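Everything on this sheet refers to the single structure shown next.
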Amino acid sequence: MGRKLSYQIMILLLIVNSSLQVKYEFVLDNEQVLTECQDKPPGALDYDSLFDFSELTFTMGGDGVTLTGNATTVWDIKPTDRIQGTANILYFDRGTWQSTILNMIAQNFCATMYDERQFWYKIWARHIINADEVKDNCLKVPGTKLIMEPFVIKAEFGFDAPLRQGRHKIVFGFRAFDEHNVERKDNICFEITGEFYKI
């Protein structure tokens, strides 16, 4: 009887938690989408050291920013490396960017890049047409071409707490670790800016 009650309580908590989530859409304010990190960590490279964007275009329209074309990986790391990915949300308050509690880390980004439950899959990776061909390369093999279907960048999130109104940015970081778990010197940092709107 006790075990059955425990399961019922867990199911109830899951239902209550998901119903309490506040849904937001992140609306980009920059047609180029990606910008350099303002507070770049020592030795960090920009987004153009991760991808060659010469075959990719971003166009601002009434529905948001549309992405068309292809991106080719250029990050010079080894295929055996593990990539750690981070995303940190900050808000703009009185002239400075303030940290929030909304941060995430993927210790092995490549293992989750095509996981349908992850926000980067919903926003970006699900639009990679040749995913079956390039899946094993992840971001680790320079010259890997990610062929993208044209899409409007829609970033929707569910948070358990309300967000402050106003401008926000999401800072993305990628770090590579060799087979001995030693971090490589060339890490990647870039950010996107915009506003969260309740939906």
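Those letters in the sequence shown? Residues -21 to -1, 1 to 178, per mature numbering (1 follows the signal peptide of the UniProt record, and there is no 0), in order. For each residue, glycine too, the CB sits at the ideal point set by N, CA and C. Treat the numbers as computed from the prediction; the structure is a model and nothing was measured.
Worksheet item: Who are the near neighbours of THR65 in its chain, counting only those whose CB is closer than 6 Å to its CB and skipping five residues on each side?
Response: In the sequence shown, residue 65 corresponds to position 86, counting from 1. If we look at THR65 and ignore the five residues flanking it on each side, its Cβ neighbours are ILE84 and GLY152.
Worksheet item: Which residue from PHE169, CYS168 and ARG143 puts its Cα closest to that of VAL1?
Response: Counted from its first residue, the sequence shown places residue 1 at position 22. Comparing Cα positions, the closest option is ARG143.
Worksheet entry | Span separating the alpha-carbon of residue 182 from that of ASP111 | The first residue shown for the chain is -21 and the last is 178, placing residue 182 beyond what the model contains.
Worksheet item: Is there contact here, the region 61 to 75 with the region 25 to 35, by at least three beta-carbon pairs under 8 Å?
Response: no
Worksheet item: beta strand (DSSP E) containing GLU162: first to last residue?
Response: In the sequence shown, the residue the question calls residue 162 occupies position 183. Element bounds for GLU162: n/a, residue is neither H nor E.
Worksheet item: Should TRP54 and LEU13 be called a contact, given that it needs their Cβ atoms to be closer than 8 Å?
Response: Here residue 54 is taken as the residue at index 75 of the sequence shown, counted from 1. Here residue 13 is taken as the residue at index 34 of the sequence shown, counted from 1. In this structure, LEU13 does not lie closer than 8 Å to TRP54 by Cβ.
Worksheet item: What does a CB cutoff of less than 8 Å around GLN77 pick up in its chain, not counting 5 residues either side in sequence?
Response: Along the sequence shown, read from residue 1 onward, the residue named residue 77 stands at position 98. Taken in chain order, the residues that qualify are LEU69, TYR70 and PHE71.
Practice prompt. Name the residue from GLN11, PHE98, ASP60 and GLY22 whose alpha carbon lies nearest to the alpha carbon of VAL120.
Written response: Translated into the one-based positions of the sequence shown, residue 120 becomes position 141. The option with the nearest alpha carbon to VAL120 is ASP60.
Fill in: DSSP bridge partner residues for MET39 (one or two, in chain order)
One-based indexing of the sequence shown puts residue 39 at position 60. For MET39, which the question treats as bridged, DSSP gives the partners VAL44.
Worksheet item: Is PHE169 near GLU162, with beta carbons less than 8 Å apart?
Response: What you label residue 169 is simply residue 190 of the sequence shown in a count that begins at 1. What you label residue 162 is simply residue 183 of the sequence shown in a count that begins at 1. Against a cut-off of 8 Å, the Cβ pair of GLU162 and PHE169 comes out as no contact.
Worksheet entry | THR47 classed as buried or exposed, judged by whether at least 16 other C-beta atoms fall within 10 angstroms | Working through the sequence shown from its first residue, we reach residue 47 at position 68. It counts as exposed.
Discussion item. Between which residues of its own chain and GLN11 is the CB-CB distance below 7 Å, once the five residues before and five after are set aside?
Written reply: Numbered from its first residue, the sequence shown carries residue 11 at position 32. So the list reads PHE37, once near-sequence residues are dropped.
Worksheet item: Going by beta carbon distance, what residues of the same chain come within less than 7 Å of ASP42, once the five residues before and after it are set aside?
Response: Start at 1 with the first residue of the sequence shown, and residue 42 comes out as number 63. Here the set comprises VAL131.
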